[in-house]
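So the structure is just underneath, and the comments pick up after that.
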Amino acid sequence: MSSLRFVCLSDTHNAHDGLTVPDGDVLLHAGDFTGRGHWTEVESFGKFIAKLPHPEKVVVAGNHDFLFERDLDQARELLGDATYLQDSGVTIGGLKLWGSPWQPEYHNWAFNLPRGAEIAKKWSLVPDDTDVLITHGPPEGIMDELYSFGTIGCEELARARERIRPLMHVFGHVHEGYGAQFDDGILSVNAANCNLWYRPVNPPIVVDWDGKEFRIVDQ
Numbered sequence: 171m172s173s174l175r176f177v178c179l180s181d182t183h184n185a186h187d188g189l190t191v192p193d194g195d196v197l198l199h200a201g202d203f204t205g206r207g208h209w210t211e212v213e214s215f216g217k218f219i220a221k222l223p224h225p226e227k228v229v230v231a232g233n234h235d236f237l238f239e240r241d242l243d244q245a246r247e248l249l250g251d252a253t254y255l256q257d258s259g260v261t262i263g264g265l266k267l268w269g270s271p272w273q274p275e276y277h278n279w280a281f282n283l284p285r286g287a288e289i290a291k292k293w294s295l296v297p298d299d300t301d302v303l304i305t306h307g308p309p310e311g312i313m314d315e316l317y318s319f320g321t322i323g324c325e326e327l328a329r330a331r332e333r334i335r336p337l338m339h340v341f342g343h344v345h346e347g348y349g350a351q352f353d354d355g356i357l358s359v360n361a362a363n364c365n366l367w368y369r370p371v372n373p374p375i376v377v378d379w380d381g382k383e384f385r386i387v388d389q
């Protein structure tokens, strides 16, 4: 597997023009690039990522990105040439990536599923040989704590991670959980760019793949 630089974003919420996005080989966005998923918001985001120089751009939707739940064909078209993953995968530089937008029920948002067996069916679709897992929401117990509500990570996703053992898991959703850390050999990246007040104060997280392991790049 060749060396690659991954640039990880999430939860930009229409504030993408306020970000400085580092160069890299692969741009990953883990969802919530809009406020309410209106087609004009998706179009704006599509134009934004089209201008970025990264040769590969991979996107999953989040709970704010309603258009991807209501009219996937239109949403994909507005997204442009970026690779959109929804319970699907792509191979880049020998690494197998898999993306999924689902989350345990959280208010009346998009891509909600009940906790337990129903959402577990979505995680059962993830192949065992996935190297990079991209989900909108976090697994239970890993950078998933809201200041005002407690932890909201998905128990079934945490179980699936133990089966899959991806080298890296990129997610967002919980703005307060921004950061990157190694958890039992898996690099977990909460790439939420917006803080609790929806201001884009958190820089994209850059991760290098040297053909054998991932390394967080200090910025």
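Note that the working numbering has the sequence shown beginning at 171, numbered continuously upward.
By construction, the Cβ of each residue, glycine as well, lies at the ideal position given by its N, Cα and C atoms.
Cβ pair count under 8 Å reaching 3, the stretch 274 to 284 against the stretch 246 to 254: no
Own chain, CB closer than 7 Å to E288, minus 5 neighbours either side, in chain order: none
Residues that K266 bridges to, as DSSP identifies them: T261
Where I322 sits in the DSSP three-state scheme: coil
Closest by C-alpha distance to V302, when choosing among G232, F384, E247: F384
Residue of L337, N363, A290 minimising C-alpha distance to E326: A290
CA-to-CA distance, H208 to I219, given in whole angstroms: 17 Å
Three CB pairs or more closer than 8 Å across the stretch 314 to 324 and the stretch 332 to 339: no
Three-way DSSP call (helix, strand, coil) for H199 in this model: Strand, per DSSP.
S294, DSSP secondary structure in three states: coil
For S172, three-class secondary structure by DSSP: coil
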